[in-house]
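Engineer: Here you go, one structure.
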Amino acid sequence: MNLLATVSPLEDVKAEMLLVTVFQGEKELTGRLAWLDRILGGQIGRLLSTGEVRGQYKEFSTLHVTGIGAKRVLLIGLGKKEDLNLDKIRSVVAIAARNCRRIHAKSLAVDSFTTYGIDPRESAKAIAEGVVLGLYKFTKYMSEKTAEKYKDKIEELTIADSSSDNIEELRAGFSEGYTVACNTNFVRDLVNEPASYMTPEMFVETACQKMKDLNVTINILDENDILKEGMGAFYAVGRSANCAPPRMLEIAYEGNPNGPWVGLVGKGITFDSGGYDLKPPSSMERMHCDMGGAGAVLGAIKSVAELGLKVNCRAVMPLAENMVAGNSYKPGDIVKSLEGKTIEIISTDAEGRLLLADALTWIRKKGVEYLIDIATLTGAVVIALGNQLSGIMGTDSVLVNAIKESGEKCGERVWELPLYKEFAMQIKSDVADLQNSGGRGAGTITAGMFLKEFVGEAKWAHIDIAGTSTTNASIHQYIKNPYVPKEGATAVGVRLLYQFLADYAKSNSKLS
Ligand code: BES
Ligand code: ZN
Ligand code: MN
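Quick look at the structure:
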């Protein structure tokens, strides 16, 4: 996609579609839009004065026009002026991009939102994200005919601004947004891939292939290494899959020599059958997406490396299938973690925390200033927070609050649950140091309490994305986010972790 930022009055921009926006209740056009309207003979103004266009959020109309550079003007409502934020920009731009695709328009121009007081860099970033994320569709396994209506891509995206002072920032925001959004789509593809193709080994292979030209170091552990290193909890889960053995993928990017490290850990269950605590069919349906955490971590570190952020980041992805086999781990088994604590297996379906425990210990030994893990960990988080918020817990309020703030900025919001020490009672075992399930009550918190046993003194945060990492038609009915697909993987966490790392880099590695 060709990304252009130009200084130009709206009537001069050449494109098949020009996106302009109006606020709710706006009766009269001002500034650049008024100039455009004058040349259009008051076409837009009349729509407003007759009340035909009311500026309601997401409401749109297309005008065919002559006498200006663009062939069509797409007028989209932004809602109330005081409620404008980056997420609305991402959303209306995504709507515009889908409209373009529907009518086979290959070039889209957007009036820069700097006129509304939005920072040029943030504006361009949101515009690029809106287009790239909004056009995503998992088409890999469709025949050409079925995929036809998703085929058209926007080839040229232009931002028209009124001031040359903004151009440099617009360009920077454009390339940042474009990179992160492309990586988000890459992770959506990866997570959507059926489990029979996306095994731990394939995940590693795909990641290595995608990262090969980047300035990162990669370390891969196979099943024997995992056992030999003493990751007994991780190994117990992974050994059940004789056809798709476990792997651990570790990627390090050093962008701030001698600076502190941020550790990222992502759950990578390429298929979760539940093991001997077998899931019922309806719960197993989407369990090829149980590696959304590993995907998020991969997409974030790839973005950070591509954009050359001044941070040090180490990502660890424990990858395994959770299967039923003669040599599977069983309820009642006791396993020993890398950290030394023993764990009684209450449920083979509480497998994620077992891999994460060992991966957290592994990364902590390498030395990290901050440690973040992200996982499709508990069904309980869907009950607590639904499908628009991820759960967050941790041992360091500065870190948790920083991630919260990053989430508000990028539109991937998180909400904190408490890790009060009283909850530890629920994961005490009679026969081992810990048990891997705390029962039904506070299931998301007790999973967090379990992980907390493996982070020592680290400043740590845990993000539970079981409710946000995939979507479906019935969730889409009430969320209707135009830049998130209707079905399948959302790749939530890629942009959240990237945003956090970018904010962290900007703070000179000193969160406050
Ligand atoms: N991968 C699941 C959690 C999940 C549920 C992800 C729904 C996405 C959507 C996890 O491994 C799991 O099975 N958790 C159990 C834990 C319980 C046995 C303590 C759960 O939530 O039921
Ligand atoms: Zn799982
Ligand atoms: Mn499970």
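-16 is the number of the first residue of the sequence shown in the working numbering; add one for each residue after it.
A virtual CB, placed ideally from N, CA and C, is assigned to each residue, including glycine.
The model shown is predicted, which means the values in this text are computed figures rather than measured ones.
1. Per DSSP, residue 210 is paired with what?
2. At which residue ranges does the region 399 to 455 contain complete alpha helix (DSSP H) runs of 4 or more residues, listed in the order of the chain?
3. May I ask you to check if the CB of residue 359 is nearer than 7 Å to at least one heavy atom of ligand 2?
4. Between which two residues does the alpha helix (DSSP H) containing residue 183 stretch?
5. Across which residues does DSSP place residue 271 in a beta bridge pair?
6. What's the gap between the Cα of residue 364 and the Cα of residue 241?
7. Mind the definition here: the region 213 to 226 touches the region 263 to 282 only if three or more C-beta pairs lie below 8 Å; say whether that holds.
8. Ligand 3 and residue 340: does any heavy atom of the ligand fall closer than 7 Å to the residue's C-beta?
9. Quick check: what's the CA-CA separation for residue 276 versus residue 296?
10. Just checking residue 113 against ligand 2 - is the residue's beta carbon closer than 7 Å to any of the ligand's heavy atoms?
11. Just reading off the beta strand (DSSP E) that residue 236 is part of, what are its end residues?
12. Have a look at residue 481 and residue 110 and give me their C-alpha separation to the nearest angstrom.
13. Indicate whether residue 496 and residue 55 have their beta-carbon atoms separated by less than 8 Å.
14. Touching or not, the region 225 to 234 and the region 312 to 324, by the rule of three or more beta carbon pairs under 8 Å?
15. Please state whether DSSP places residue 66 in a helix, a strand or coil.
16. Check whether the Cβ atoms of residue 243 and residue 352 lie closer than 8 Å to each other.
17. For residue 44, list the residues DSSP reports as bridge partners.
18. Cβ-heavy atom distance between residue 335 and ligand 3 below 7 Å?
19. Return the Cβ separation of residue 426 and residue 445 in integer angstroms, given the expectation that the two are a contact with Cβ distance under 8 Å.
20. Would you mind sorting residue 301 into buried or exposed? The rule is 16 or more other CB atoms within 10 Å of its CB.
21. Consult DSSP for residue 119 and reduce its assignment to one of helix, strand or coil.
22. At a cut-off of 7 Å, is residue 252 close to ligand 2 when judged by its beta-carbon and the heavy atoms of the ligand?
23. Per DSSP, what kind of secondary structure is residue 139 in: helix, strand or coil?
24. Look at the alpha carbon of residue 189 and the alpha carbon of residue 169, and state the distance between them as a whole number of angstroms.
25. Does the Cβ of residue 435 have 16 or more other Cβ atoms within 10 Å, making it buried, or fewer, making it exposed?
26. Relative to the C-alpha of residue 80, which residue among 306, 465, 474 is closest?
27. Does the beta-carbon of residue 316, which I'm using as the reference point, lie nearer than 7 Å to any heavy atom of ligand 1?
28. Taking its Cβ as the centre, do 16 or more other Cβ atoms sit within 10 Å of residue 289, making it buried, or is it exposed?
29. With DSSP collapsed to three states, give me the class of residue 83.
30. Would the beta-carbon of residue 123 fall within 8 Å of that of residue 159?
31. If you follow the alpha helix (DSSP H) that residue 486 is part of, which residue opens it and which one closes it?
32. Determine which residues share a DSSP beta bridge with residue 146 and list them.
33. Inspect the beta-carbon positions of residue 457 and residue 472 and report whether they are closer than 8 Å.
34. Identify, in the order they occur along the chain, each residue of the same chain with its Cβ nearer than 6 Å to the Cβ of residue 28, setting aside the five sequence neighbours on each side.
35. Run the CB neighbour count on residue 138, radius 10 Å, all protein chains shown included, and call it buried at 16 or more, exposed below.
36. Assuming residue 69 and residue 392 are in contact, meaning their beta carbons sit under 8 Å apart, how far apart are those beta carbons, in whole angstroms?
Structural biologist: Quick answer:
1. Note: residue 210 sits in no beta bridge, so no partner.
2. 426 to 435
3. yes
4. 183 to 194
5. Paired residue(s): none; residue 271 is not in a bridge.
6. 38 Å
7. no
8. no
9. 16 Å
10. no
11. 230 to 237
12. 17 Å
13. In this structure the chain extends from -16 to 495, so residue 496 is not present and cannot be described.
14. no
15. helix
16. yes
17. 58
18. yes
19. Residue 426 to residue 445, Cβ: 14 Å. No contact.
20. buried
21. coil
22. yes
23. strand
24. 10 Å
25. buried
26. 465
27. no
28. buried
29. helix
30. no
31. 477 to 489
32. According to DSSP, residue 146 bridges with nothing at all.
33. no
34. 12, 20
35. exposed
36. 7 Å
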